[in-house]
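**Student:**
There are 2 protein chains.
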Amino acid sequence: MPGDADPAGLRADARRNRERILEAAREVFAAQGIDAPMSAVARRAGVGVATLYRRFPTRTALATAAFTEQLALCAAAFDEALADPDPGHGLYALLEKVCTTQVTDRGFAPVFLDQFPDALDHGHERDCAEEGLARLVQRAREAGQLRDDFDPADITLLLLANSGLAGQPRETALAASRRLLAYFFQAFQTQRPGSLPPPAAMELCEIRRPPGRL
Amino acid sequence: MPGDADPAGLRADARRNRERILEAAREVFAAQGIDAPMSAVARRAGVGVATLYRRFPTRTALATAAFTEQLALCAAAFDEALADPDPGHGLYALLEKVCTTQVTDRGFAPVFLDQFPDALDHGHERDCAEEGLARLVQRAREAGQLRDDFDPADITLLLLANSGLAGQPRETALAASRRLLAYFFQAFQTQRPGSLPPPAAMELCEIRRPPGRL
DNA sequence: AACTAAACGGACGATGTCATCCACTTACCG
DNA sequence: CGGTAAGTGGATGACATCGTCCGTTTAGTT
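Protein chains in written order, with this note's numbering: chain A, 1 to 214; chain B, 215 to 428.
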C-alpha cells in the first residue's frame, strides 16, 4: 500500500507535513466520522489537498495510517491478554480497551473492524490473531470463566453492538459502553438453563454506513 | 408536516403514485440505507423526481411516511406489552419485535430512533410512551423479572447496541440480534454481587452516521 | 368532447466532493 | 552560494446529488 512508504526517506518538510496531516486526520475523523471531506483534513493540517493526496492516495490509506497508533494499542492489549495468567481478566481488559477506543474515536471503529482480525495481528503470522483469540476464549472457558455455549463469534457480536454506541457524546458513550460491557460479561459468565440462539458468523469488514443521518 | 397531508384529497393517479413512491422508498431505504439518492427512489417508483419532491418535500418526510407501518407495528407491540399479564414476557416480546425490525429494515433504525419515544406513542398523550415504558419496567421489576439496578435507560442501551448490527446480511443480522437479545435478557434478570457501572442518559435522537464506509 | 386544474417528468443550475495537473517554492547537496 | 529534484498548493474538470422550474399530459367535470 502506498502512503505508508517509509517516511524516513522523505524530505524534512515533507515528513513534518505528513505528521500534521495524520494529526489533522485523527481530529477530523474523530469529530466528523470517517467520511469527512478530504479537503477538511487538508485545511486543518494547513496543507493543500495535493499534498494530502500525494502522501495518502486513498481515504483508506489515510485512515489506516492515522489510526495506526490506536491499532497498536489494541494489539498490545491483545498480547497482554494472551500473557495474562487470568484469562478471563485478560479478555475483559482487552475488550474494555477496544470498546473504549471504538466509542471515543469516531472514525476508529470502521478502520478497526475493516482490519479485524488483522488489526490485532501486529507482527504475528497471518491468522495468528484469530487463532490467538480462539485460544484466549478456550483458556477462559477452561478456567470456568465463560459459559460452555460461549462462541468466539460473540466477541464480534459485542464489538458490533458496542459500535452502535458511537456517535453519542463522548462521556455518554463511554458510560454506556462500560455498562454494556458489564452486562455482557455477566451474561458471558452465567450459565443458564435455557439454550441461547445459535451464534452468527458475522462479516466484520462488512460494516456499512448503517444509521446515516435522518 | 407537509407530505402527509390527507392523501384522500389527491387525484386518483396522484394517490397511486404516492403509494408507489412509499413502496419504492421502503425498498431502497432498506437496501441502501436512509441516505440513498432521492432520484433512486423516484426511478424505482417509476416517477419523476419532481413528483417525489412535490409529495414529500424532505427526506425526513419521506422516511417517516414510508416507515409509518413499521412504526405502527411497534406501537401495537407496545400496547400488547402493556396489556400482557406477564410484564417480563411482554417486555421481551416488545423488544424482540423492535430489534428484529431495526435489523431487517436498513433505514428503519434512524427513523425509529429519531422519533423515539414518540414512535411508540401512537394516540396516547405526549410523554405517555416514555411513561408507559417506565411502568412496564417497574411492573417487571416488581414481578422479580428484572434486577434491582436495572434502569429504563438500559432499554435505550439495548436498542442502540442492536442498531450496530444493522448492515449485516439479513439472515446474519437476524441471528445476531436474537443472540444479543438473549444475552441481554439473561443479564437483565440475573442479579450479581458486583454493582454495574451507572446507566447513561442517552440522546436517542442523536444517532449520527457513525460508522460510514471505510 | 371540451375544458381546466391538478399532476407529471425531464431538464437544469447550484452545490459539494473528488482527485489531478502544473506553475511556483524550498530543502538538501556539492 | 547555486542547481535541482522533491515538495507544495491552488486552480481545475469530472462527477454526483439536490431541489426547482416549466412545458406537457391527464383525470375529472360539464
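We treat Cβ as the ideally placed atom computed from N, Cα and C, and that holds for glycine.
1) Span of the alpha helix (DSSP H) holding A/Met38?
2) Looking at chain B, is there any beta carbon in it that lies within less than 8 Å of the beta carbon of A/Tyr92?
3) Please list, in chain order, all residues of the same chain as A/Val98 whose beta carbon is under 6 Å from its beta carbon, the five residues on each side excluded.
4) Excluding sequence positions up to five away, which residues of its chain have a Cβ less than 8 Å from the Cβ of A/Leu157?
5) Please check if any C-beta of chain B sits within less than 8 Å of the C-beta of A/Gly164.
6) Confirm, please, whether the CB-CB distance from B/Leu308 to B/Ala295 is below 8 Å.
7) Would B/Met416 pass as an interface residue toward chain A - the criterion being a Cβ-Cβ separation below 8 Å?
8) Assuming B/Gly247 contacts B/Arg320 (C-beta within less than 8 Å), just tell me the rounded distance between them.
9) Using the Cα positions of A/Arg59 and A/Ala45, report the straight-line distance between them to the nearest angstrom.
10) Since A/Pro199 is in the alpha helix (DSSP H), which residue starts that stretch and which ends it?
11) Flag A/Phe184 as yes if its beta-carbon sits less than 8 Å from any beta-carbon of chain B, otherwise no.
12) Following the continuous alpha helix (DSSP H) through A/Gly90, name the residue where it begins and the one where it ends.
13) List the residues of chain A that B/Ala375 touches, going by C-beta distances under 8 Å, in chain order.
14) Quick check: the region 275–287 of chain B against the region 232–250 of chain B, are at least 3 beta-carbon pairs closer than 8 Å?
15) Tell me the DSSP secondary structure of B/Phe326 in three-state form.
16) List the residues of chain B whose Cβ lies closer than 7 Å to the Cβ of A/Arg217, in chain order.
17) If the cut-off is 7 Å on Cβ atoms, which residues from the region 249–262 of chain B count as contacting chain A, listed in chain order?
18) Using a beta-carbon distance cut-off of less than 8 Å, what residues from the region 294–324 of chain B approach chain A?
19) CB A/Phe188 to CB A/Arg147, shorter than 8 Å?
20) Helix, strand or coil: which one does DSSP assign to A/Pro7?
21) Can you list the beta strand (DSSP E) stretches of 3 or more residues lying completely in the region 367–395 of chain B, in chain order?
22) Cutting at 7 Å between CB atoms, please list the residues of its own chain near A/Arg139, excluding the five before and the five after it.
23) Apply the 10 Å Cβ neighbour rule to A/Val111 and answer buried if 16 or more other Cβ atoms are within range, or exposed otherwise.
24) Once DSSP output is grouped into helix, strand and coil, what is the label at B/Phe243?
25) How far does the alpha helix (DSSP H) with B/Thr278 in it reach, from first residue to last?
26) What does the alpha-carbon distance come out to for the pair A/Ser39 and A/Arg16?
27) In chain order, what residues of the same chain have a beta carbon less than 7 Å from the beta carbon of A/Tyr53, not counting five sequence neighbours either side?
28) Name the two residues that bound the continuous alpha helix (DSSP H) containing A/Ala50.
29) Just to confirm before moving on: does the CB-CB distance between B/Ala238 and B/Val255 stay below 8 Å?
30) For B/Gly304, count the other beta carbons within 10 Å of its own beta carbon; 16 or more makes it buried, fewer makes it exposed. Which is it?
31) So what does DSSP say about B/Asp249, is it helix, strand or coil?
32) Any C-beta of chain B sitting closer than 8 Å to the C-beta of A/Thr172?
33) Going by the CB atoms, is the gap between A/Arg192 and B/Gln400 shorter than 8 Å?
34) Mapping DSSP to helix, strand and coil, what is A/Gln189?
**Tutor:** Taking the definition as stated:
1) Where A/Met38 is concerned, the enclosing alpha helix (DSSP H) stretches over Met38 to Ala45.
2) Under the 8 Å criterion on CB atoms, A/Tyr92 is classed as non-interfacial with respect to chain B.
3) The residues are Cys74.
4) Answer for A/Leu157: Pro199, Ala200 and Met202, listed in chain order.
5) So yes, A/Gly164 belongs to the interface.
6) Cβ distance < 8 Å, so B/Ala295 and B/Leu308 count as in contact.
7) Between B/Met416 and chain A, the shortest Cβ-Cβ separation is below 8 Å.
8) With 8 Å as the limit, B/Gly247 and B/Arg320 qualify as a contact, their Cβ atoms being about 5 Å apart.
9) Take the alpha-carbon of A/Arg59 and the one of A/Ala45: they are about 15 Å apart.
10) According to the DSSP assignment, A/Pro199 belongs to no alpha helix (DSSP H), since it is labelled neither H nor E.
11) Among the CB atoms of chain B, one or more fall inside 8 Å of the CB of A/Phe184.
12) In this chain, the alpha helix (DSSP H) harbouring A/Gly90 covers Pro87 to Thr104.
13) Neighbours of B/Ala375 in chain A, taken as residues whose beta carbon is under 8 Å from its own, are Ala161, Asn162, Gly164, Leu165 and Leu180 in chain order.
14) Output reads yes: the region 275–287 of chain B touches the region 232–250 of chain B.
15) In the structure shown, B/Phe326 falls within a helical segment according to DSSP collapsed to helix, strand and coil.
16) Outside the shown range of chain A, which is 1 to 214, sits residue 217 of chain A, and nothing can be said about it.
17) Per Cβ criterion, the list reads Asp249.
18) Residues of the region 294–324 of chain B with a C-beta less than 8 Å from any C-beta of chain A: Arg320, Gly321, Ala323 and Pro324, listed in chain order.
19) With contacts defined by Cβ atoms closer than 8 Å, A/Phe188 and A/Arg147 form a contacting pair.
20) In the structure shown, A/Pro7 sits in a helix (DSSP, three-state: H, G or I).
21) Segments of the beta strand (DSSP E) lying fully in the region 367–395 of chain B: there are none.
22) Only Pro87 meet the Cβ criterion.
23) Of the other Cβ atoms in all chains shown, 16 or more fall within 10 Å of the Cβ of A/Val111; this residue is therefore buried.
24) Residue state, collapsed to three classes: helix.
25) Per DSSP, B/Thr278 belongs to the alpha helix (DSSP H) from Arg273 to Ala280.
26) A/Ser39 and A/Arg16 have their C-alpha atoms spaced approximately 18 Å apart.
27) Hits under 7 Å: none found.
28) From DSSP, the alpha helix (DSSP H) with A/Ala50 extends over Val49 to Arg55.
29) Yes.
30) Buried, since its Cβ has 16 or more Cβ neighbours within 10 Å.
31) DSSP places B/Asp249 in coil when its eight states are reduced to three.
32) Yes, A/Thr172 lies at the interface with chain B (some Cβ there is under 8 Å from its Cβ).
33) A distance below 8 Å separates the beta carbons of B/Gln400 and A/Arg192.
34) DSSP places A/Gln189 in helix when its eight states are reduced to three.
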